[in-house]
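Structure first, then comments.
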Amino acid sequence: MIARRSLIALTALGLAAAVAPAQADYPERPVTYIIPYNPGGESDVTARFQEQHFKGITGQDVVIQYKPGAGGATAWAQLNGFEPDGYTIMNVNFPHAILQPAMKDVGYQTEDVAPAYIFHYTPDAIVVRADSPYQTLQDLIDDATANPGTVTFGGSGTNSANHLAAVRFDQMTGAKTTYIPFKGSAPAMAAVLGGQIKAAMTYTTQGIKAGDQVRVLAVATPERIEAYPDVPTFNELGFDFVGGAYRGVTLPKDAPQEVRQRLSDIIGEINAVPEFRQQLIDNGYVPVDIPTGEIDQWLADRKADYAGGIEQLRASN
Amino acid sequence: MIDALLNAITPFNLALALFGVIAGTFIGALPGLSATMAVAVLVPFTFTMDPASGLIALGAVYTGAIYGGAYSAILVNTPGTPAAIATSMDGFPMAKRGDGDLAVTLSCLGSVVGGMVGALALLLLAPPLSQVALAFGPVEYFWLAIFGLSLIATLSRGNTVKGLVGGAIGLILSCVGSAVVGGDVRFTFGQTPLLGGIPVIPALIGLYCIPVLIDLVIKKEAHLERRAEAVSGFRFTEAVGLMLRSKFNLFRSAVLGTAVGILPAAGGSVAGLIAYSEAKRTSKKPEEFGHGATDGVIASEAANSATVGGGFIPTLVLGIPGTPPDAIILGALLVQGIRTGPQLFTQQADIVYTFVFGLIIGTLFMLPTGLIIGRYAFRLIVSVPKTVLAPSIALLTVIGSFAIESNTVHVVIMVVLGVFGWLIARVGFEASPIVLGLILGPIAEAGFVQAWLIGGAQGSIPAMFFGRPLSLAIIFMIVLTLASPALVNWRRGRMQEKGATP
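Listed in order, the protein sequences are those of chains A and B. Counting from 1, position 182 in the first sequence corresponds to residue 182 in full-length UniProt numbering; the numbering is continuous, with no gaps. Counting from 1, position 135 in the second sequence corresponds to residue 135 in full-length UniProt numbering; the numbering is continuous, with no gaps.
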């Protein structure tokens, strides 16, 4: 009897011993990092930036995989079907993952994809072609107010960060613009460069990629950004508008708390690498640090922030 | 430029280009392992190299993969990449009658010439040509997609109506999932995995490969005809002779491929298709197309390989990727700290020109490697007994459709569409119109809705659709294409009348 009990105890101990270090040493093998978009976009590029440092910090590789579809929804709906061991992690974007379930049945809820870490955002920015008659944001607002609906804003997708930003812009300024959804940021920028549409409601990163072919009218950051020292913020111009697309790293919700914490720490460490930070800044990204402990509050704040815009989107659909 | 050339031909870069082309050819030849995937897998390795070498490796893999797609198109009637759809239309009938070796050699020569034309356009004319990409607005993409769909009418072997019905089936399939514009969820029947739509590659593998597979099992005859007489295996001089005879077709296809490559979103499948249909339209023997016309293989391969160089033009000059592999390469450039844009050609010219020369060298390497790999691929497929061939292909279809996103749902979609494709093939429907409908549907839909919205904002929707010169030019081509079968019949009728009353 005693022998048997001790055997059980021993087994339990052995199991505990086998499990505990596995989590402490996470990751012990390469980690699959799923990008829910086509390659080449902001999610892919920043994951590639991280990839180089992930190995230095953990000793393990990340393997980047693409699962595009439905503006990210296909991959996010699949997230919790993966083994919750931390070896499958996924890029998750906001406001997309708040807007999509709020607007349609997309097979997941925002809480299902709660990130372990939010590591940067791409600020909303209004971009026009270099020879556009709009020299300042006010020029654009004046035109859109005097001729309602004639100013076309191109952006990436429907019910996306760009779409929400366009709707909020109309709310804030009282102007009336027409939002034209494109399949990604790049086609929207091509339409601006080709003069097919008057402006793009896009991100600072897209403006930087297009170089001096375009002019950025305003950026949605608290302070001016390094890449555009001469471009005013919306706040400066009198509009309370800060935001963009926030990108984080998530993992299946049943993952052990230790693994979630460790992943959060790793992403935080990568974010602290000076050259990584500079790489983000140079390309128009703004690094932010929201670790796993602060995520719930952050999500609640974002939802409150987007509520008015979501109302408006629902009304316009 | 001389410096760049010298930079490109260092032993290391030459080795990279050679390795890239070979690896790309193998990956492209396997259905499901596409050029996009080949490039994505290679990207992390290029971070350890200097930017120019990394780019050369990526460009070489990309070129090789687009070419590799021709093998499976010719030998197994399954385009290895969507770019090779038009190649299968004549390549497979050629292989069936015992000319598979000739078709492989022709596809290699066509690809090298097409690739060179595309790369030279990139080298010499990139900044001005990039403006073509900008001239195309949503409405032009809409009309271009409709043009692509109208080509189905002229391409269908035998029955035009069945071709159009097939195209419509493809369009309906393309509606599945959440709409790009508007975000509406359609035809998913509550199945979350269908939210992203019917994926093109698994559909392509299913619709082309499964019918071949079923026939392989239920029919007695050999998969490919074997020639009685011993054949050299290359039939190189014969192929060169054929190329020289259709040099105009070759050149036109390469130029069309470059032009279509410059248009973001259009891609190799559309380029191959347009070049193929032009070759057929201007051919003296259009009735041979679809039954093993050598000109069809030449046109398709020259055009799809030319899209590689063409696609890099908007990618490098404007920062707007011409094709999905270009998008990955663009991302890799950003990670390397290279800024695309017009200034790239002046400020970082050394890297750009080294890359372009690397692309040219990679394309030239395709000649020997393509011929040799093609020869063995052909011999393998011809000599392997059906009992080995059938299970091997079956395994590849499953791997190919699973591999893209490690998604079992894609395997199910592949099999279901495959059996469906086999069933409707019994009554004379073909895979190509369905796949083209699936590829072109989203382009047409997004273009239409965007043009409608922009037209509305500008105050006139009809002027948007019918008032732009470029649109009118495409509409004219659509009318010409749709009318051409009727025109041919009418002319034939008149000739017969004349013949009857001399």
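Glycine residues also receive a C-beta, built at the ideal position from the N, C-alpha and C atoms. Values in this document were obtained by computation on a predicted structure and should not be read as measured data.
Legend entry - Bridge partners - F94 (chain A), DSSP secondary structure assignment: A:Y246
Legend entry - Proximity winner among B:V415, B:T340, B:T25, relative to F312 (chain B) (alpha-carbon distances): B:T340
Inset, instruction - Use the C-beta contact count for L213 (chain B): other C-beta atoms within 10 angstroms, 16 or more gives buried, fewer gives exposed. - result: Under this definition L213 (chain B) is a buried residue.
Legend entry - Assigned secondary structure, S460 (chain B) (DSSP; H/G/I helix, E/B strand, else coil): coil
Inset, instruction - Classify M366 (chain B) as helix, strand or coil using the three-state DSSP reduction. - result: helix
Inset, instruction - Determine, using beta carbons only, whether E405 (chain B) comes closer than 9 Å to chain A. - result: yes
Legend entry - Straight-line Cα distance separating V151 (chain A) from L140 (chain A): 8 Å
Legend entry - Where R235 (chain B) falls: helix, strand or coil (DSSP): coil
Inset, instruction - Answer with yes or no whether the minimum CB distance from L193 (chain A) to chain B is below 9 Å. - result: yes
Legend entry - Short CB-CB distance (under 9 Å) between I454 (chain B) and chain A: Yes, I454 (chain B) counts as interfacial toward chain A.
Inset, instruction - Provide the residue span of the alpha helix (DSSP H) that contains Y141 (chain B), from first to last. - result: 138-155
Inset, instruction - Could you have a look at V112 (chain B) and say whether DSSP puts it in helix, strand or coil? - result: DSSP places V112 (chain B) in helix when its eight states are reduced to three.
Legend entry - Contact with chain A by T354 (chain B), beta-carbon distance below 9 Å: no
Legend entry - Where the beta strand (DSSP E) containing D289 (chain A) begins and where it ends: D289 (chain A) -> beta strand (DSSP E) spans 286-291.
Legend entry - Inter-residue CB distance, L195 (chain B) and G107 (chain A) (contact presumed, cutoff 8 Å): 6 Å
Legend entry - Other residues of its chain near A103 (chain B): CB distance less than 7 Å, five sequence neighbours each side excluded: I74, G91, M94, A95, V297
Inset, instruction - May I ask which residues mark the beginning and end of the beta strand (DSSP E) holding Y33 (chain A)? - result: Here the beta strand (DSSP E) through Y33 (chain A) covers 31-35.
Inset, instruction - Going by CA-CA distance only, name the one from B:A203, B:V176, B:V180, B:V181 that's closest to T192 (chain B). - result: B:V176
Legend entry - Distance, Y134 (chain A) Cα to Y228 (chain A) Cα: Approximately 17 Å, taken between the alpha carbons.
Legend entry - Cross-chain neighbours of E51 (chain A) in chain B, by beta carbon under 7 Å: P44
Legend entry - At least three beta-carbon pairs within less than 8 Å, the segment 261-270 of chain B to the segment 303-318 of chain B: yes
Inset, instruction - Identify each residue in the segment 293-322 of chain B for which the Cβ-Cβ distance to at least one residue of chain A is less than 8 Å, and report them in chain order. - result: P314, L318, G319, I320, P321
Inset, instruction - Could you tell me which residues DSSP puts in a beta bridge with T152 (chain A)? - result: A:T178
Inset, instruction - Verify the CB distance criterion: does Q78 (chain A) have a CB-CB separation below 9 Å to chain B? - result: For Q78 (chain A), the answer is yes, since a Cβ of chain B falls inside 9 Å of its Cβ.
Legend entry - Close beta carbons around V180 (chain B), own chain, < 8 Å, minus the five adjacent residues each side: P442, E445, A446
Legend entry - the segment 60-74 of chain A touching the segment 277-285 of chain A, judged by at least three CB pairs closer than 8 Å: no
Inset, instruction - With 9 Å as the threshold, decide whether the Cβ of G309 (chain A) is near any Cβ in chain B. - result: So, not an interface residue.
Inset, instruction - Would you verify that the beta carbon of Q343 (chain B) is, or is not, closer than 9 Å to some beta carbon of chain A? - result: So yes, Q343 (chain B) belongs to the interface.
Legend entry - C-beta neighbour in chain A for R186 (chain B), strict 9 Å: no
Legend entry - Residue of B:F289, B:I381, B:T237, B:Y62 minimising C-alpha distance to Y71 (chain B): B:I381
Legend entry - Contact with chain A by D50 (chain B), beta-carbon distance below 9 Å: no
Legend entry - Sufficient close CB pairs (3 or more, under 8 Å) joining the segment 4-14 of chain B to the segment 113-122 of chain A: Too few Cβ pairs lie closer than 8 Å, so no.
Inset, instruction - Using the Cα positions of G493 (chain B) and K285 (chain B), report the straight-line distance between them to the nearest angstrom. - result: 17 Å
Legend entry - C-alpha distance - L313 (chain A) paired with M172 (chain A), whole-angstrom precision: 14 Å
Legend entry - Sequence-distant residues of the same chain with beta carbon closer than 6 Å to V409 (chain B), five excluded per side: P193
Legend entry - CB contact below 9 Å: M90 (chain A) versus chain B: no
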